[in-house]
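If you count the sequence shown from 1, you need to add 6 to reach my numbering.
Just so you know, even glycine gets a beta-carbon here, dropped at the ideal spot from N, CA and C.
Just so you know, these numbers come straight off a predicted model, no measurement behind them.
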Amino acid sequence: MTIIERPSTEVAVAGAVPVGVKPSEALGVFKRPAASSSWRDWVVTVDHKKLGIMYGVAAFVFFLIGGVEALLIRLQLIAPDGKVLNADQYNQMFTMHATTMVFLFVMPMAAAFANYFIPLQIGARDVAFPRINAFGFWCFLFGGLFLNSSWFLGGGADGGWFMYAPNSSTLFSPSHGVDFWTMGLQITGIASLTGAINLIVTILNMRAPGMKMMRMPIFTWMVLVTQFLLLFAIPVITVALFLLTFQRSFDATFFDVASGADPLLWQHLFWIFGHPEVYILILPSFGIVSEVIPVFSKKPLFGYPIVAMSGAAIGFVGWGVWAHHMFASGLGPVSVTVFSMSTMAIAVPTGVKIVNWVMTMWGGKLTFAVPMLFAIGLVTQFTIGGLSGVTHAVAPSDTQQTDTYYIVAHFHYVLFGGAVFGLFAGFYYWWPKMFGRRLSESIGKWNFWLMVIGMNMTFGPMHILGLQGQPRRMFVWTEARAGEGLFNFGFWNQISSIGSFILGIGVLLFLVNIFYTHKMKKGALTSNDPWDARTLEWMTDSPPKEHNFDVIPQVSHLDEFFHRKYEQDSA
């Protein structure tokens, strides 16, 4: 620990501390953090709250980069015979867009919230390994920069975000973009592994006295499940990336079918990682909305044990569904049947969460503040994405939909309509605690509605395009292929492209809101508990002190802070 050194009684009695020297300084190298904000303090910090903010800022910058890449993709498809990008540039753009959004935005933004709020939610003064925590952040940042440096050194990776081998070999991708991709992900993977170990140890060993597992906030539960998923998933993709690196750089033959390699080896390795990765992306957002909805419904979370255990069930069953990404690869009827059944099964714990959130709102005194709007946005849009996802559990349906825009629509409803909307709910919910000011509600509602409209205009038409047969990653369409009426590729592509720019404007309004709140000092200064919340982080100052709690809280209830506020009323 780096924050809570206590002066030795023996030293104090013996008078061994010189006059003018703080007791903590006399104890050795681990000084108490000071409330300083110079750039040097941010660079060398091991404070979990500062590191959380640094994760968040870096991830949001990558989000903007990924957003620009997405707009270029949609600009290419807004008109027939698009000339914005050529075929190779288009391949690079969608590959780097997906990689950036998955590995450099959603994952680290969830890590930002986890780093900042997990110690606060469990009544701890820091994480278990503060210096490893700082090391993980710098690995993430430099890994992301290394990955994106390929744009300036020959071009980005161009094999799609799942980089199927042997299509990603030097024969088909001769530039060094794929090499930057493999090494960049290896570096960011170090951050994920160190963060997973750190948060698991923190949650299991550093909870406040009396905080049993079934008294933890749901956000803490979902982060814990996510870290176990990371702990076992990252080594799998690490092995795959090393094999691909050796194949490309040292003429190894791991994916060379002519040399006896299994043509499906990469697909199995990637998707054994890749489908748990979906839950790594979405579970933290599930945790966020499980905190937000009860607060703005003025009710405890309906079925808390079921929500917690359904998250754990998702983490367990999620390891048994990876091959539904491979139904078109010739797995055979037995494998297809087994993975179809497991894919249907995992919809159950996910659907349970939807029911619990709806029942929490049912009969509550709802307040439609911006965090609540984004939480409801997640519930509705993730439900749409989940329903389209269930169709992929049916192998004949999945075989027709594979590699069409229907798939693109599905995973964007899940990951943008779900994960990203959950993160925005977290921004607006926890912003007063992190920075001491509430973001503007009026700008926030414009932010929300433009994102909802843009999101559904962008990805809703892709269901139709996919069912019409438009393949994903098609870089150009012509008037001759446009068709007529509902079968008009051109019309739906244009609607989708217009929607993407509305979505982009909505995201930019979030930055406007930050500027309006802080630079123009228009945001209301907040109390320590502006939402009448339920969990321990709202007991601290806004923003919290360096050591979080003056006195470690004693926990005797689920939603301990809420009970402390209202136990006299209920008595």
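Three-state class that DSSP yields for T410 in the structure shown: strand
Rounded C-beta distance between A64 and G142? I'm assuming under 8 Å. With a Cβ gap of about 12 Å, A64 and G142 do not count as contacting.
State the DSSP-derived secondary structure class of L531, mapped to helix, strand or coil. strand
Tell me the residue span of the alpha helix (DSSP H) that contains H398. Careful: H398 lies outside any alpha helix (DSSP H) and carries neither H nor E.
Please state whether the Cβ-Cβ distance between G162 and Y122 is less than 7 Å. no
Could I get the ranges of all uninterrupted alpha helix (DSSP H) runs contained in the region 105 to 185, with 4 residues as the minimum, in chain order? 113 to 127 and 136 to 154
Any chance you could list the alpha helix (DSSP H) runs of at least 4 consecutive residues sitting entirely within the region 259 to 308, in chain order? 271 to 303
Between which two residues does the alpha helix (DSSP H) holding T366 run? P339 to M367
Assign Y572 to buried or exposed, taking buried as 16 or more other Cβ atoms, counted over all protein chains shown, within 10 Å of its Cβ. exposed
Contact check, D565 vs R540 under 8 Å by CB: the rounded distance? 4 Å
Exposed or buried, S179, counting other C-beta atoms within 10 Å across all chains shown (16 or more means buried)? buried
Apply the 10 Å Cβ neighbour rule to I71 and answer buried if 16 or more other Cβ atoms are within range, or exposed otherwise. buried
CA-CA distance, A399 and A353? 10 Å
Whose C-alpha, out of L247, L210, W144 and R221, is nearest the C-alpha of Q192? L247
Measuring only the C-alpha atoms, how far is G336 from T405? 11 Å
Using the three-state DSSP reduction, which class does A32 fall into: helix, strand or coil? At A32, the pLDDT of 45 sits below 50, so the modelled position is not reliable and the matter cannot be decided from this model.
Assigned exposure category for A76 - 16 Cβ within 10 Å defines buried: buried
Would the beta-carbon of V242 fall within 7 Å of that of I278? yes
Determine the direct distance from the alpha carbon of T194 to that of W144, and round the result to whole angstroms. 9 Å
Going by CA-CA distance only, name the one from F417, L287 and R479 that's closest to I390. F417
Given this structure, state the Cα-to-Cα distance separating N554 from Q407, to the nearest angstrom. 50 Å
Quickly, what does DSSP pair K551 with across the bridge? List them, please. N554
Whole-angstrom distance between A314 and A140, CA atom to CA atom: 29 Å
Drop a sphere of 10 angstroms on the beta-carbon of V50, count the other beta-carbons inside from all chains shown, and report buried for 16 or more, exposed for fewer. exposed
Using only the alpha-carbon positions, how far apart do P309 and K218 sit? Residue 309 is actually Gly in this sequence, not Pro. Taking the straight line from one Cα to the other gives about 17 Å.
Member of M440, I470 and G510 whose CA lies at the smallest distance from the CA of M545: M440
Rounded C-alpha distance that separates V301 from W537: 7 Å
Check whether the region 448 to 464 and the region 491 to 510 touch, using three or more Cβ-Cβ pairs below 8 Å as the test. yes
Leaving out five residues on either side along the sequence, give the residues of the same chain with a beta carbon under 7 Å from the beta carbon of G129. R213, A214, M217, L542, F555, I558, P559 and V561
For V27, which three-state DSSP category applies? Low per-residue confidence applies at V27: pLDDT is 49, beneath 50, and the placement is therefore not dependable enough to give any value.
Three-pair Cβ contact test at 8 Å for the region 96 to 113 versus the region 418 to 429: yes
In whole angstroms, what separates the C-alpha of S394 from that of A415? 9 Å
Taking F158 as the reference, which of V90, L250 and Q98 has the closest Cα? Q98
Between the Cα of H331 and those of D185, W483 and A401, spot the shortest distance and give me the residue it belongs to. A401
Measuring alpha carbon to alpha carbon, tell me which residue in P550, Y522, I520 and N519 is nearest N534. P550
Looking only at C-alpha atoms, which of F388, R131 and V229 sits nearest to A425? F388
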